[in-house]
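Positions 1447 to 1607 (this note's numbering) are the ones given, in order, by the sequence shown.
Yeah, the Cβ is synthetic: ideal placement off N, Cα and C, and Gly gets one too.
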Amino acid sequence: MIRGIHHIGMNCRDIERMKRFYCEALGFEPVDDEGFSWADQEVMDHIVDVPKSAAKGCMLRAGTCYLEMFEYSAPQSDLEKPLRPYDRGYTHFCIDVTDIEKDIAHLKACGMTFNDRDFVDVGHVKTLYGYDPEGNVIEVQQCAPANGFTLEELRENAPAE
């Protein structure tokens, strides 16, 4: 029944800055040029379970992943800081890279920060958590071949349609 995760949703303070970062740093591309928006629409309030909501958004894609971004204008969030890895709820997503040293340098040049830390090689994976321009957590990982959860193994074990 479940074929896989379709997209990750992210609420942003500045959607244009975040869209630019995810496209330049991680190679995402907009699904369309226009994006979407809503305000004073009962059906949208029902879908997102937020009364009197208003937002604009866009859908990006890279590889087999979609990223849906929102910038809500109503209601205002009561959280000033993004979630940290120890908070409850969805706290990060992970990108799989082929050359972690080169890719982390590229991400830093695009505005991602890593708090002066280097990646760790734990054998089956080289990995490090970093922060996008709004402080959201992104894990960067490079899998060792055939470690049991590479993207290639995911595709090999996917059910046929």
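In terms of DSSP beta bridges, what is Gln1587 paired with?
Translated into positions along the sequence shown, residue 1587 becomes position 141. Bridge partners of Gln1587: Asp1542, Thr1573.
So which of Ala1508, Met1464, Arg1530 has the shortest CA-CA distance to Val1583?
Residue numbering aside, residue 1583 sits at position 137 when the sequence shown is read from its first letter. The option with the nearest alpha carbon to Val1583 is Arg1530.
Could you spell out where the alpha helix (DSSP H) holding Tyr1468 opens and where it closes?
Within the sequence shown, the letter at position 22 stands for residue 1468. Where Tyr1468 is concerned, the enclosing alpha helix (DSSP H) stretches over 1461 to 1472.
Just to confirm, are Glu1610 and Cys1556 a CB contact at a threshold of 8 Å?
Lying before the first or after the last residue shown, residue 1610 is absent from the chain, which here runs from 1447 to 1607.
Under a three-way DSSP split, which group does Glu1488 fall into?
For the purposes of this step, residue 1488 is identified with residue 42 of the sequence shown, where counting begins at 1. In the structure shown, Glu1488 sits in a helix (DSSP, three-state: H, G or I).
Counting C-beta neighbours from all protein chains within 10 Å, is the total for Ala1501 16 or more, i.e. buried, or is it exposed?
Numbered from its first residue, the sequence shown carries residue 1501 at position 55. Answer is buried; the Cβ neighbour count reaches 16.
Can you give me the start and stop residues for the beta strand (DSSP E) that Phe1516 sits inside?
Counted from its first residue, the sequence shown places residue 1516 at position 70. Unbroken beta strand (DSSP E) run through Phe1516: 1511 to 1520.
Buried or exposed: which applies to Val1489, given that a residue is buried once 16 or more other Cβ atoms fall within 10 Å of its Cβ?
Position 43 of the sequence shown holds residue 1489. Per the 10 Å Cβ criterion, exposed.
Tell me, which residues are paired with Gly1503 by DSSP?
The residue given as residue 1503 occupies position 57 in the sequence shown. Per DSSP, Phe1482, Phe1516.
Under the three-state reduction of DSSP, which class applies to Asp1567: helix, strand or coil?
Your numbering for residue 1567 matches position 121 in the sequence shown. Residue state, collapsed to three classes: strand.
With C-beta atoms as the reference, is Leu1506 less than 8 Å away from Tyr1468?
Start at 1 with the first residue of the sequence shown, and residue 1506 comes out as number 60. Start at 1 with the first residue of the sequence shown, and residue 1468 comes out as number 22. Yes, they are a contact pair.
On the three-state DSSP scale, how would you describe His1552?
By 1-based counting over the sequence shown, the position of residue 1552 is 106. His1552 falls in the helix class under three-state DSSP.
Run the CB neighbour count on Ala1551, radius 10 Å, all protein chains shown included, and call it buried at 16 or more, exposed below.
For the purposes of this step, residue 1551 is identified with residue 105 of the sequence shown, where counting begins at 1. Under this definition Ala1551 is an exposed residue.
Give the C-beta separation of Thr1544 and Gln1588 to the nearest angstrom, bearing in mind that I take them to be a contact with Cβ-Cβ under 8 Å.
In the sequence shown, residue 1544 corresponds to position 98, counting from 1. In the sequence shown, residue 1588 corresponds to position 142, counting from 1. That belief holds up - the Cβ atoms of Thr1544 and Gln1588 are roughly 7 Å apart, short of 8 Å.
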